[in-house]
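Asks:
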Amino acid sequence: PPSSLQKDHVYYLKPTHAAGGVGGRRFVGNDGMMPLLDHLHQFPHTEWVLMDYIEGELISLEGFVDQQGVNFLGFSSRKKVGNTESYVEFPHNSRISLNLQHHATTAVSTLIARSHDTQGYFHTEFMMTKDSAYLIDANFGRIGGGALIEVIAHAYDISCIDIMQHIFLLSLYPERLPRSPYERCQRKGAAIHYSLPVSAKFLAIQENLSCQTKQTVLLSSGSIAPTVGESNWSWVGFLSGDPLAVMADINTIQITTDKGTFLPCF
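Under our numbering, the sequence shown has 106 at position 86, and the numbering climbs by one with no breaks.
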């Protein structure tokens, strides 16, 4: 109820069933209810979550649970343009203090113990500050979206098919599960989820990529691509692989549309 909100406290309101931050709104307790009601009426959602607003870096902890217990694959970092996720890097562990890593892994292990989860992946999101790791979304039962599978496969030097097989068998047929495909993380991977600066009809892509990157075009010719920042439906394609090669190769891509030719937005 409004009377329970602290006047000078900063809150964050988001739908329970949404992705990519769509519908999320930051507000202060003394902003009044009318702006919030106007915001709620813009969306079809009936259930919302009210939480403290945390200013920090968005980090995800990737892993899975099997008969041997909790398996942490590593942390991933993400960047966004508005509500469109645009960049992911894995593993990000070297840029997170051991203390914050311990906070995050302890939180996930506690959630797994309390929920009695015994099989499946997780993509648990934290807002990292200098001193604390704040859990903002559990995301149990699935791996992260976008090109994260490609990035993890690159980092562990295995195939995306091996990861997908492990996901499906672990989630649906654990009795058929082969040995885990993950042995040792050997290198860093990254992916750009690129979009367009304007909403336009996608026609074609021209590029000159190196052998160190992989491109996945998501749209067929004639599809309409929303403007970058609207949501993850704005994605035109993914470019994944070695981080330095990804940043170099993205500059060779040109996207032809009915409104002209554009460089990728990310």
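Note that the Cβ used here is the ideal one computed from N, Cα and C, for glycine as well.
Within the same chain, show all residues whose beta-carbon is closer than 8 Å to that of H112, passing over the 5 residues directly before and after it, in chain order.
Replies: Around H112: I79, G94, F95, S96 and S97.
Asks: Distance check for A127 and L259, CA to CA, integer angstroms please.
Replies: If I take the Cα positions, the gap works out to 32 Å.
Asks: Just checking D137 against the ligand GTP - is the residue's beta carbon closer than 7 Å to any of the ligand's heavy atoms?
Replies: With respect to small molecules bound, the structure shown includes none, and the ligand GTP cannot be examined in it.
Asks: Shortest alpha-carbon distance to P217 belongs to which of I275, D58 and E145?
Replies: Out of I275, D58 and E145, I275 has the C-alpha closest to the C-alpha of P217.
Asks: Determine the closest residue to S129 out of M53, I116 and H143, with distance taken between C-alpha atoms.
Replies: If we check each option's Cα against that of S129, H143 comes out closest.
Asks: Look up T277 in the DSSP assignment and give the residues it is bridged to.
Replies: In the DSSP output, where bridge partners are listed per residue, T277 has F222 and G280.
Asks: From which residue to which residue does the alpha helix (DSSP H) around E109 run?
Replies: Here E109 belongs to no alpha helix (DSSP H); instead the beta strand (DSSP E) covers T104 to F110.
Asks: Check K27 in the structure and name its three-state DSSP category.
Replies: Residue state, collapsed to three classes: coil.
Asks: Taking C-alpha atoms, which residue in D58, A158, T138 and G49 lies nearest to Y73?
Replies: Minimum Cα distance to Y73 is reached at G49.
Asks: State the DSSP-derived secondary structure class of N289, mapped to helix, strand or coil.
Replies: A question about residue 289 goes unanswered here, because the residues of the chain that appear run from 21 up to 286.
Asks: Compare the C-alpha of G166 against each of S251, R134 and Y154 and name the closest.
Replies: Nearest C-alpha to G166: S251.
Asks: Return the residue from the list L189, I156, N159 and R204 that minimises the CA-CA distance to I172.
Replies: I172 has its Cα closest to that of R204, out of L189, I156, N159 and R204.
Asks: Report the rounded CA-to-CA distance for V256 versus F282, giving the unit in angstroms.
Replies: Whole-angstrom Cα-Cα distance: 12 Å.
Asks: For S240, does the count of other Cβ atoms within 10 angstroms reach 16, so buried, or fall short, so exposed?
Replies: With fewer than 16 Cβ atoms within 10 Å of its Cβ, S240 is classed as exposed.
Asks: Counting C-beta neighbours from all protein chains within 10 Å, is the total for F146 16 or more, i.e. buried, or is it exposed?
Replies: Flag for F146 reads buried.
Asks: Identify whether R199 lies in helix, strand or coil by the three-state DSSP scheme.
Replies: In the structure shown, R199 sits in coil (DSSP, three-state: anything other than H, G, I, E or B).
Asks: Using a Cβ-Cβ cutoff of less than 8 Å, which residues in the same chain neighbour S135 once the five nearest sequence positions on both sides are dropped?
Replies: The residues are F160.
Asks: Could you check how far apart the C-beta atoms of V164 and N103 are, in whole angstroms? I think they sit under 8 Å.
Replies: Note on residue identity: the sequence assigns Gly, not Val, to residue 164. That belief does not hold up - the Cβ atoms of G164 and N103 are roughly 16 Å apart, past 8 Å.
Asks: Over the uninterrupted alpha helix (DSSP H) stretch that includes Y176, give me the two end residues.
Replies: Note, Y176: alpha helix (DSSP H), L168 to Y176.
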